[in-house]
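A short write-up of the structure that comes next.
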Amino acid sequence: MMADGGMVEIRGARSLRPRWAAVSFVVSLLAVGIAWALSSPVGSSPDDDFHLPSIWCAPTAPNDLCRDLGPSSRDGFRRVEVSASLGPDVACYRYQMFESAGCQKLGSTDVIETTANDDLYPGGYYFLMGAFAREGVAQSVVLMRLINFALCAALLVASALLAPARIRRSAAVALVVTSVPMTLFLYSSTNPSGVVIASTSAVWMMLHVLLVPAERRTRAMQVGLLVVAAVLALTSRSDAGVFLVIAAVAVAFSQPRERLKEIASHRVIMILMAASAVFIAMALISRFPDAGIGIGMQKADYDRSLGEVFFYNFINLPLMWTGGLGGQGLGWLDTPIPHIVTFVAVPLVVVAIALGYRDASTGGRRSVAWTLGMLAVVPFYVMAIDRSLVGEIFQARYLLPLLPIAVMCALESTRFSRGEVSLRSASTVAVVALSIAHAAALLANMRRYVTGVEVRVLDLDSNREWWWPWGPSANVVLLIGTVGFAVAAWQITRWLETRGSG
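Printed below as a string of structure tokens:
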């Protein structure tokens with residue numbers, strides 16, 4: 002009797018472990034999102050002086066928050082009147098890394114004239130976030146950042162759960178090693194790029210899922226998630242159509258040649274390709290000759306020869322690949338990232354792709370070659386149009402949707418993805434190193450705005466010049482984010498080691 006009771010108790014305890022693991026994983030993710038959402042002030046996301054007025058002037062925002070003043074002299078913009086807390090001066094610290102965010106005056110009741118979106122972006126992202134716009138700008142921005150992070154995390158986690166084990170395992174590694182620091186920053190921002198990054202990876206996973214037999218109910222959820230991810234991407238940025246097509250072709254290349262005809266006749270895949278093509282065509286025939294890639298960037302026509310541009314961009318192109326891994330600054334590119342971040346993040350991505358490519362199938366190698374090729378072709382094409390150079394207009398964040406795709410393509414057909422190879426020691430070292438890099442990046446981002454970068458002490462609450470008037474202290478936020486990332490990464494590693502190919 003007692004033995005039976007003891008057995009029941011042991012089994013009950015074991016059955017609770019997955020639940021507690023799931024709960025702690027979700028809590029850890031939320032901790033990371035909260036930390037990054039609070040790590041920088043209003044206006045710190047790239048081009049926030051455009052995105053924030055566009056959100057507050059969206060159809061879903063309260064009518065009394067924005068007044069339309071008519072078209073602007075610049076194509077894709079319209080003149081609006083909004084709170085002064087949403088204007089260009091909200092980023093008073095912009096391009097001045099030694100200037101803290103203490104110069105902000107968010108409590109102003111004044112209104113100013115500025116510009117907002119008028120078909121420069123598709124508008125779906127602004128429509129979604131406009132529902133959370135209120136008079137309290139600071140509270141609204143933090144809420145939007147948290148919702149943005151939760152949306153990105155939900156897309157990726159749901160896609161992984163609905164995917165086969167080999168896709169889930171490769172995605173888990175790819176999404177973690179490519180997340181530090183810029184992807185996490187954009188996930189927790191009011192910039193549409195974060196949603197596009199997450200949606201592109203979700204679409205890649207769901208396209209693989211469609212090629213595997215599934216029950217009707219499961220298939221309905223998979224198709225539904227694919228549609229949601231694609232719609233979110235396509236209505237957030239016009240260049241998303243380009244990235245979705247690249248992801249779809251990568252999936253096709255990963256399959257045996259005899260299956261290509263089957264893929265080409267798949268109804269859902271063809272609808273996705275057609276929708277992406279429509280968005281690309283709309284950009285091509287309108288005022289955007291680069292098919293929407295880099296829409297929102299300030300265009301310029303430089304008096305340079307194509308040969309000069311090609312040579313300079315060729316020898317400096319790696320910045321476009323490493324920029325999201327610490328090679329470029331966060332925010333308005335004025336937040337320098339410690340070198341330890343690049344030292345850790347770049348080798349992890351390179352090693353994952355190189356080792357995966359060596360063990361991948363022929364189809365897997367084709368998909369890797371395709372994706373890496375597009376990582377070079379896309380920026381070359383865009384910069385050739387206006388004769389710009391690396392770092393002038395086209396930024397590394399525009400390529401971030403393709404970075405996890407490259408890693409996933411490299412790993413999805415390997416013995417690791419099938420659960421036949423254990424990487425316990427290597428994964429432990431990787432988690433520790435990446436957790437340290439993440440903590441350094443989060444600290445650097447917070448330090449940039451709390452005092453300016455001239456202060457180099459660890460204590461963020463000492464002599465601070467800016468912080469939110471509510472919520473936890475800067476030191477607590479740093480601790481929450483650091484522990485949250487380390488725990489989440491460690492749990493993913495544990496899952497990779499305990500789950501086989503099932």
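Following our numbering, the numbering of the sequence shown begins with 2 at its first residue and continues without gaps. For every residue, glycine included, the Cβ atom is placed at its ideal position computed from N, Cα and C.
Residue interval of the beta strand (DSSP E) (run including residue i)
| i | result |
| --- | --- |
| Pro72 | 68-72 |
| Arg79 | 78-84 |
| Glu114 | 112-118 |
Residue i vs residue j beta-carbon contact at 9 Å
| i | j | result |
| --- | --- | --- |
| Ala355 | Val181 | no |
| Asp50 | Arg79 | no |
| Leu31 | Gly472 | no |
| Val454 | Phe186 | no |
| Thr110 | Val81 | no |
| Gly44 | Ala92 | yes |
| Val27 | Arg68 | no |
| Val178 | Ala353 | yes |
| Leu226 | Ser160 | yes |
| Leu444 | Leu459 | yes |
| Leu87 | Leu53 | yes |
| Ile56 | Met145 | yes |
Option in the options with minimal Cα separation from residue i
| i | options | result |
| --- | --- | --- |
| Cys58 | Arg419, Ala155, Asp240, Glu136 | Glu136 |
| Ser463 | Gly472, Trp471, Val477 | Val477 |
| Val250 | Thr219, Gly365, Arg217, Ala353 | Gly365 |
| Ala275 | Arg217, Phe254, Ser255, Val232 | Val232 |
| Val229 | Leu156, Ser239, Glu413 | Leu156 |
| Pro63 | Tyr127, Ser41, Val28 | Tyr127 |
| Ala408 | Glu466, Phe312, Ser368 | Checking the displayed sequence, the identity of residue 408 turns out to be Val instead of Ala. Per the Cα distances, Ser368. |
| Pro165 | Leu459, Ala489, Gly420, Ser474 | Gly420 |
| Trp469 | Pro19, Leu107, Asp90, Pro89 | Leu107 |
| Ile316 | Ser362, Thr363, Ala377 | Ala377 |
| Leu154 | Leu459, Gly195, Ala139, Pro123 | According to the sequence shown, residue 154 is Ala rather than Leu. Minimum Cα distance to Ala154 is reached at Gly195. |
Alpha-carbon to alpha-carbon, residue j and residue i
| i | j | result |
| --- | --- | --- |
| Gly71 | Ile148 | 30 Å |
| Gly34 | Thr201 | 20 Å |
| Gly1 | Leu334 | The chain is shown from 2 up to 503; residue 1 falls before or after that span and cannot be answered. |
| Gly392 | Gly330 | 11 Å |
| Trp371 | Leu162 | 26 Å |
| Pro405 | Trp205 | 10 Å |
| Leu403 | Ala203 | 12 Å |
| Ala441 | Gly482 | 11 Å |
| Gly1 | Ile198 | Outside the shown range of the chain (2 to 503) lies residue 1, about which nothing can therefore be said. |
| Ile386 | Leu373 | 21 Å |
| Arg448 | Ala173 | 30 Å |
| Cys104 | Ala38 | 20 Å |
| Thr499 | His209 | 23 Å |
| Phe244 | Met375 | 9 Å |
| Tyr399 | Ile272 | 25 Å |
| Ser428 | Leu401 | 23 Å |
| Leu424 | Ser418 | 11 Å |
| Arg359 | Val350 | 14 Å |
| Val246 | Ser237 | 16 Å |
N-terminal and C-terminal residue of the alpha helix (DSSP H) that residue i is part of
| i | result |
| --- | --- |
| Asn314 | 307-317 |
| Ala441 | 425-451 |
| Phe133 | Run containing Phe133: none; DSSP gives neither H nor E here. |
| Ser141 | 138-163 |
| Val91 | Neither: Val91 is in no alpha helix (DSSP H) and is coded neither H nor E. |
| Ile406 | 404-412 |
| Val213 | Counting along the chain, Val213 falls outside any alpha helix (DSSP H), and DSSP gives it neither H nor E. |
C-beta neighbour in chain C for residue i, strict 9 Å
| i | result |
| --- | --- |
| Met145 | In summary, chain C is missing from the structure at hand, where a single protein chain is found. |
Near the ligand MN: residue i beta-carbon under 8 Å from a heavy atom
| i | result |
| --- | --- |
| Ala62 | Summarising the ligand content, the structure contains no ligands, and the ligand MN is consequently not present. |
Distance between beta carbons of residue j and residue i, contact taken as under 8 Å
| i | j | result |
| --- | --- | --- |
| Phe133 | Ser141 | 6 Å |
| Leu390 | Val310 | 7 Å |
| Cys410 | Ser255 | 6 Å |
| Val342 | Gly332 | That belief does not hold up - the Cβ atoms of Val342 and Gly332 are roughly 15 Å apart, past 8 Å. |
| Gln492 | Ala36 | 17 Å between Cβ atoms; not a contact. |
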